[in-house]
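In the order they appear, the protein sequences are chains A and B.
Read in the numbering used here, the first sequence has 307 at position 307, and its numbers run on one by one without any break.
Read in the numbering used here, the second sequence has 375 at position 11, and its numbers run on one by one without any break.
Below is one structure, written out as structure tokens, with a few remarks after it.
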Amino acid sequence: MPKFIQFFATRWGIIIVGAVIGILATLLQKLGNPPNMGVCVACFERDVAGALGLHRAAVVQYMRPEIIGFVLGSLIAAYIFKEFRARAGSAPIVRFILGVFAMIGGLVFLGCPWRAALRLAGGDGNAIFGLLGLIVGIWVGTLFLKNGYNLGRSQNTHTTVGWLMPLTMLGFLVLMLIFPQIQGQEKNGVFFYSVKGPGSMHAPLAISLVIGLLIGFIAQRSRFCTMGAIRDFILFRQTHLLSGFVSLVVFAFLANLVLGQFHPGFVKQPVSHTMGLWNFGGMVLSGLAFALAGGCPGRQLFLAGEGDGDAAVFVFGMIVGAGISHNFGLASSPDGVGPYGIPAVIIGLLVCLFIGFTMRKQVA
Amino acid sequence: MSSIVDARGLSCPQPVILTMNEIKKVQKGEIIILVDTDTSKENVSRAAIAQKWTVKNIEEEGTGYRIIITKD
Numbered sequence: 001m002p003k004f005i006q007f008f009a010t011r012w013g014i015i016i017v018g019a020v021i022g023i024l025a026t027l028l029q030k031l032g033n034p035p036n037m038g039v040c041v042a043c044f045e046r047d048v049a050g051a052l053g054l055h056r057a058a059v060v061q062y063m064r065p066e067i068i069g070f071v072l073g074s075l076i077a078a079y080i081f082k083e084f085r086a087r088a089g090s091a092p093i094v095r096f097i098l099g100v101f102a103m104i105g106g107l108v109f110l111g112c113p114w115r116a117a118l119r120l121a122g123g124d125g126n127a128i129f130g131l132l133g134l135i136v137g138i139w140v141g142t143l144f145l146k147n148g149y150n151l152g153r154s155q156n157t158h159t160t161v162g163w164l165m166p167l168t169m170l171g172f173l174v175l176m177l178i179f180p181q182i183q184g185q186e187k188n189g190v191f192f193y194s195v196k197g198p199g200s201m202h203a204p205l206a207i208s209l210v211i212g213l214l215i216g217f218i219a220q221r222s223r224f225c226t227m228g229a230i231r232d233f234i235l236f237r238q239t240h241l242l243s244g245f246v247s248l249v250v251f252a253f254l255a256n257l258v259l260g261q262f263h264p265g266f267v268k269q270p271v272s273h274t275m276g277l278w279n280f281g282g283m284v285l286s287g288l289a290f291a292l293a294g295g296c297p298g299r300q301l302f303l304a305g306e307g308d309g310d311a312a313v314f315v316f317g318m319i320v321g322a323g324i325s326h327n328f329g330l331a332s333s334p335d336g337v338g339p340y341g342i343p344a345v346i347i348g349l350l351v352c353l354f355i356g357f358t359m360r361k362q363v364a
Numbered sequence: 365m366s367s368i369v370d371a372r373g374l375s376c377p378q379p380v381i382l383t384m385n386e387i388k389k390v391q392k393g394e395i396i397i398l399v400d401t402d403t404s405k406e407n408v409s410r411a412a413i414a415q416k417w418t419v420k421n422i423e424e425e426g427t428g429y430r431i432i433i434t435k436d
């Protein structure tokens with residue numbers, strides 16, 4: 001192993017990280033998280049948006065400690081290994097908009113790449129359409145990358161800039177301790193809580209937080225990225241990140257078998273619908289948005305934890321996007337796509353194409 | 365005479381794309397790549413090795429790294 005590549009960034013390192021994430025995610029399902037949703041970055045940010053009242057879909061409101069843990073775990077790893085570096089200024093508004101549409105697409109499918117992997121590992125055949133859509137979306141993104149698409153350079157900046165996202169998460173955690181969930185109650189203090197539906201299903205706070213911190217830590221070290229996995233394979237035929245993503249699916253599948261959580265089929269799969277075309281279409285949009293923004297939703301959280309203010313803007317874009325999705329009837333439900341979901345996907349694709357075609361070269 | 369690729373401030377996968385473009389252009393010799401994150405350092409090194417180039421040296425420079433890759 002060359003000395004300039006640390007262990008977690010080696011092939012075995014990334015495979016182990018994928019395996020740990022896969023196993024812990026299925027374990028979280030056993031401990032109370034929704035089925036095939038042990039760790040779903042899009043769904044959990046949507047629940048965070050619900051907890052904050054940015055949307056009022058009663059069944060998806062919970063301040064997910066895993067999201068808090070992802071950012072803070074990455075922050076801790078970045079400080080221990082002297083990689084924390086505050087940076088910002090690479091087209092933040094574009095990243096925000098990409099975050100919004102990444103979420104809109106994700107909520108048409110009902111998941112992000114992480115959940116697509118977990119749904120597949122749990123036997124949900126509809127996830128195949130989502131994963132195919134993800135691949136197509138990322139492939140379109142690589143065409144733009146090959147033709148000079150870029151978001152411009154970021155600049156080193158005040159440490160404060162890099163700390164704002166971790167501090168926000170820390171604030172959410174403190175508020176969660178002050179205003180914990182009260183059984184059967186829709187609200188406590190500043191936070192909304194679901195009393196039924198996926199938002200009401202969660203592992204105990206401490207376990208969710210610790211697992212979130214652990215995943216944040218090892219993902220920061222390994223640069224784990226589900227979008228980069230597919231992008232790097234298409235662009236460079238590199239299988240490094242891909243081996244981590246495949247490892248996640250394989251180990252989540254094995255853990256599901258052991259825990260009795262593997263139920264193959266297409267119909268009545270948990271928190272999913274069977275409209276194949278829009279499972280596919282939603283993830284085309286999401287995949288393209290992630291590719292144009294340079295990272296999957298998990299990676300954006302880890303980057304935000306290590307000081308990347310632009311990734312933080314993308315995260316806030318996704319949280320606001322969740323608010324828009326549910327308030328405007330764009331998000332799907334087990335019954336199928338929302339009333340305005342299909343036009344939203346089409347508009348999102350047009351916006352992404354506009355960004356991809358018009359932001360080329362000019363890197364001085 | 366080595367060529368320089370300045371990938372500082374660019375996010376994934378730009379540093380690797382710029383390095384690969386330069387590798388294709390010069391075919392052999394020496395390329396200096398400037399990056400400013402550990403992730404980019406690892407990605408660029410990995411890509412160079414995959415292209416059968418040698419990572420000759422990595423030095424810290426400012427807040428980032430100066431990577432020198434060579435091929436005879």
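Using N, Cα and C, we set each Cβ at its ideal position, and we do this for glycine too.
Grab me the residues of residue i's own chain with a C-beta within less than 7 Å of its C-beta, minus the 5 sequence neighbours each way, in chain order.
i        : result
A:PHE179 : ASN188, GLY189, VAL190, PHE191
B:VAL399 : ALA371, ARG372, PRO379, LYS405, VAL408, GLY428, TYR429, ILE431
B:GLN391 : none
A:ILE347 : none
A:LEU175 : VAL190, PHE191
A:LYS361 : GLY148
Buried or exposed for residue i, going by 16 or more other Cβ atoms inside 10 Å?
i        : result
B:MET384 : buried
B:SER367 : exposed
A:THR160 : exposed
A:ASN147 : exposed
A:GLN261 : buried
B:LYS416 : exposed
B:GLU423 : exposed
A:ASP310 : buried
A:GLN238 : buried
A:ASN156 : buried
A:GLY184 : exposed
A:MET165 : buried
Given a cut-off of 8 Å, decide if residue j and residue i are closer than it, judged by their beta-carbon atoms.
i        : j        : result
A:ALA291 : A:ARG231 : yes
A:ILE23  : A:ALA255 : yes
A:ALA78  : A:GLU306 : yes
A:ILE21  : A:LEU288 : no
A:MET359 : A:LEU151 : yes
A:ARG87  : A:ASN36  : no
A:LEU245 : A:ALA117 : Note that residue 245 of chain A corresponds to Phe in the displayed sequence, not to Leu. Yes. Within cutoff.
A:GLY32  : A:ALA203 : yes
A:GLY137 : A:SER286 : yes
A:PRO198 : A:VAL60  : yes
A:LYS30  : A:LEU259 : yes
A:SER200 : B:SER375 : no
Would you list the residues sitting across from residue i in a DSSP beta bridge?
i        : result
A:ALA88  : A:GLN155
B:ILE396 : B:ILE368, B:ILE432
A:GLY216 : BP columns for A:GLY216 are empty, so no partner.
B:ASN330 : Residue 330 of chain B lies beyond the range of chain B shown here (365 to 436); nothing can be said about it.
A:ILE188 : The question names Ile, but residue 188 of chain A in the sequence shown is Asn. Beta-bridge pairing links A:ASN188 to A:PHE191.
A:ARG360 : A:TYR149
A:SER333 : A:GLY336
A:ASP308 : A:ARG87
A:ASP124 : A:GLY265
Let me make sure I understand the geometry here. Which of the options has the alpha-carbon closest to that of residue i?
i        : options                                : result
A:MET169 : A:VAL195, A:GLY212, A:HIS202, A:GLN155 : A:GLY212
A:GLY323 : A:GLY137, A:CYS43, A:MET359            : A:CYS43
A:VAL195 : A:ALA57, A:GLY356, A:THR358, A:THR26   : A:ALA57
A:GLY13  : A:LEU75, A:SER208, A:ILE234, A:HIS240  : A:HIS240
A:LEU205 : A:PRO34, A:LYS361, A:PRO65, A:GLN61    : A:PRO65
A:LEU235 : A:ILE15, A:PRO297, A:ILE135, A:LEU173  : A:ILE135
A:GLY69  : A:ASP308, A:LEU214, A:ALA121, A:THR226 : A:LEU214
A:HIS158 : A:ASP308, A:PRO34, A:VAL39, A:GLY329   : A:ASP308
B:THR403 : A:GLY348, A:PHE302, A:ILE319, A:VAL351 : A:PHE302
A:ARG299 : A:LEU349, A:MET227, A:ALA344           : A:MET227
A:VAL17  : A:GLY50, A:PHE217, A:ILE128            : A:PHE217
A:ALA304 : A:ALA219, A:ILE182, A:GLN181, A:VAL174 : A:ALA219
A:PHE7   : A:VAL313, A:PHE357, A:ARG221           : A:ARG221
A:LYS268 : A:VAL351, A:ALA127, A:MET176           : A:ALA127
A:GLY321 : A:TRP163, A:LEU54, A:ALA25, A:PHE224   : A:LEU54
A:LEU257 : A:VAL345, A:ALA121, A:ALA229           : A:ALA121
A:VAL50  : A:GLU186, A:PHE357, A:PHE354           : Before going on, a small fix: residue 50 of chain A reads as Gly here, not Val. Of the candidates A:GLU186, A:PHE357, A:PHE354, the one whose C-alpha sits nearest the C-alpha of A:GLY50 is A:GLU186.
Can you name, in chain order, every residue of its own chain whose Cβ lies under 8 Å from the Cβ of residue i, other than the five neighbours on each side?
i        : result
A:SER332 : LEU107, VAL108, PHE109, LEU110, HIS273, MET275, TRP278, GLY282, GLY338, GLY341
A:GLY317 : ARG95, PHE96, ILE97, LEU98, GLY99, VAL100, ALA102, MET103
A:ILE15  : SER243, GLY244, SER247
A:GLY130 : PHE109, GLY111, ALA116, ARG119, ASN279, PHE280, GLY282, MET283
So, for residue i: in the same chain, excluding its five sequence neighbours on each side, which residues have a beta-carbon less than 6 Å away from its beta-carbon?
i        : result
A:PRO371 : With chain A running from 1 to 364 in the structure shown, residue 371 of chain A is simply not present.
A:SER208 : PRO65, GLU66
A:GLY336 : HIS273, MET275
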